[in-house]
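Trainee: Going by our numbering, the letters in the first sequence line up with residues 2 to 222, in that order. Handing you this structure, nothing more for now.
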Amino acid sequence: MLIIYWNSINHLSKCEMIDMHPQELFRKLFAFYGPQNWWPGEDFEIAIGAVLTQNTSWSNVEKALQNLKQNGLLDPQVILNCDIEFLKRLIKPAGFYNQKANYLRNLCSLWIKNSSPSRDDLLAVKGIGEETADSILLYLLNIPEFVIDAYTVRISKRIGFNGPDEKSYWKRFYQVKMKKDIQVYKEFHALLVIHAKEYCKKRTPLCKECFLNEDCAYSKK
DNA sequence: ATCCCGACAG
DNA sequence: CTGTCAGGAT
């Protein structure tokens, strides 16, 4: 009887340890992976990459960006001037090229009118949702919008930050709990991405080898 | 076969 | 809320 009681106490204390602060998650990710220095590319290329990477692996996006770069198509006006079928062919490796070609042109039209758009300006563009808008705002325009993607939701729920699947919830969650710091926002999102790819994978997460498994609710199930 | 830093239309 | 868009890596 005493042992059962002890075990329940022990279990409770473990649960409390799982409930860590997002700051602590950030600190541990940063300690393990180091700075990601994730603002590759020049200016508008970041915005292009943000669109091309919608539901698409970055390795495929890199091929498309290379094609664009080799043809001098990283400039909004040049993109608008070029034949759309040519544009589609260049970005083909990134997938969804029919719609993404149009999405890019929509973004270019906005950018020519206003190269420092607001969040609402971006969301008004057909093809730019919240994640893409926030990526552009954070990594290109240096506006502190916390980027929430499928990886962020997956890791947050697994590690034990109880919450729904809705990205809007997690955006508020992180923006309330984290210090409003551009560099931290940038690094944190980048760290969540690399961690989701290397350990916290969708089907086969590598919990045994994961450096966070003692802090993670998912690895204890 | 499954997944990839989603967004939009129906 | 569900179907659709799509090539590329594993």
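C-beta atoms are modelled at their ideal positions from N, C-alpha and C, and glycine is treated no differently.
#1: Which stretch, first to last residue, makes up the alpha helix (DSSP H) that contains histidine 22?
#2: Taking arginine 106 and leucine 138 to be in contact with their CB atoms under 8 Å, please state how far apart those CB atoms are, rounded to whole angstroms.
#3: Helix, strand or coil for threonine 153 per DSSP?
#4: Let me know if isoleucine 183 comes out buried or exposed under the rule of 16 or more other beta-carbons within 10 Å of its beta-carbon.
#5: Give the straight-line distance between the Cα atoms of valine 148 and glutamate 86, rounded to the nearest whole angstrom.
#6: Using a Cβ distance threshold of 8 Å, determine whether the region 17 to 35 contacts the region 154 to 164, with at least three qualifying pairs required.
#7: Let me know the secondary structure DSSP gives serine 58 once reduced to three states.
#8: Could you give the distance in angstroms between the alpha-carbon of leucine 124 and the alpha-carbon of lysine 203?
#9: Less than 8 Å between C-beta atoms, sequence neighbours within five positions excluded: which residues of the same chain meet that for aspartate 122?
#10: Roughly how many angstroms separate the alpha carbons of alanine 32 and lysine 89, rounded to a whole number?
#11: Let's test the definition: count the other Cβ atoms within 10 Å of the Cβ of serine 136 and tell me whether it reaches 16, buried, or not, exposed.
#12: CA-CA distance, proline 36 and asparagine 214?
#13: Tell me whether leucine 142 sits in a helix, a strand or coil according to DSSP, three-state version.
#14: Alpha carbon to alpha carbon, how far is valine 79 from proline 145?
#15: Would you report the Cα separation of lysine 64 and alanine 102, rounded to the nearest angstrom?
#16: Measure the alpha-carbon distance for asparagine 143 versus leucine 75 and round it to whole angstroms.
#17: If you reduce the DSSP assignment to three classes, tell me which class glycine 50 lands in.
Mentor: Result, derived from the coordinates:
#1: Counting from one through the first sequence, the residue named residue 22 turns up at place 21. Element bounds for histidine 22: n/a, residue is neither H nor E.
#2: Locating residue 106 in the first sequence gives position 105, where the first residue counts as 1. Locating residue 138 in the first sequence gives position 137, where the first residue counts as 1. In this structure arginine 106 is not in contact with leucine 138, their Cβ atoms being roughly 20 Å apart against a cut-off of 8 Å.
#3: Residue 153 sits at position 152 when you count from the first residue of the first sequence. Shown here, threonine 153 sits in a helix according to DSSP, grouped into three states.
#4: As a first step, residue 183 must be located in the first sequence, where it is residue number 182. So isoleucine 183 ends up on the exposed side.
#5: Taking the first residue of the first sequence as 1, we reach residue 148 at position 147. Taking the first residue of the first sequence as 1, we reach residue 86 at position 85. The straight-line gap from Cα to Cα measures roughly 31 Å.
#6: Yes, since at least three Cβ pairs between the region 17 to 35 and the region 154 to 164 fall closer than 8 Å, the two stretches touch.
#7: As a first step, residue 58 is located in the first sequence; it is residue number 57 there, counting from the start. Correct three-state label for serine 58: coil.
#8: Taking the first sequence and counting its residues from 1, the one referred to as residue 124 is at position 123. Taking the first sequence and counting its residues from 1, the one referred to as residue 203 is at position 202. Our two residues, leucine 124 and lysine 203, have alpha carbons roughly 28 Å apart in a direct line.
#9: Numbered from 1 along the first sequence, position 121 holds the residue referred to as residue 122. Sequence-distant partners of aspartate 122 (beyond 5 residues in either direction) whose C-beta falls short of 8 Å from its own C-beta, in its chain, are Leu111 and Asn115.
#10: Along the first sequence, one-based indexing puts residue 32 at 31. Along the first sequence, one-based indexing puts residue 89 at 88. Each residue's alpha carbon lies about 41 Å from the other.
#11: For this step, residue 136 is matched to residue 135 along the first sequence. The Cβ neighbour count for serine 136, taken over all protein chains shown within 10 Å, is at least 16; the residue is labelled buried.
#12: In the first sequence, counting from the first residue as 1, residue 36 sits at position 35. In the first sequence, counting from the first residue as 1, residue 214 sits at position 213. Near 21 Å, if we compare the C-alpha coordinates of asparagine 214 and proline 36.
#13: For this step, residue 142 is matched to residue 141 along the first sequence. DSSP, read as helix, strand or coil, puts leucine 142 in coil.
#14: For this step, residue 79 is matched to residue 78 along the first sequence. For this step, residue 145 is matched to residue 144 along the first sequence. Distance between the alpha carbons of valine 79 and proline 145: 29 Å.
#15: To locate residue 64, count along the first sequence from 1; it is residue 63. To locate residue 102, count along the first sequence from 1; it is residue 101. So the two alpha carbons sit approximately 15 Å from each other.
#16: Within the first sequence, residue 143 is the residue found at index 142, counting from 1. Within the first sequence, residue 75 is the residue found at index 74, counting from 1. One C-alpha to the other measures close to 20 Å.
#17: What you label residue 50 is simply residue 49 of the first sequence in a count that begins at 1. Correct three-state label for glycine 50: helix.
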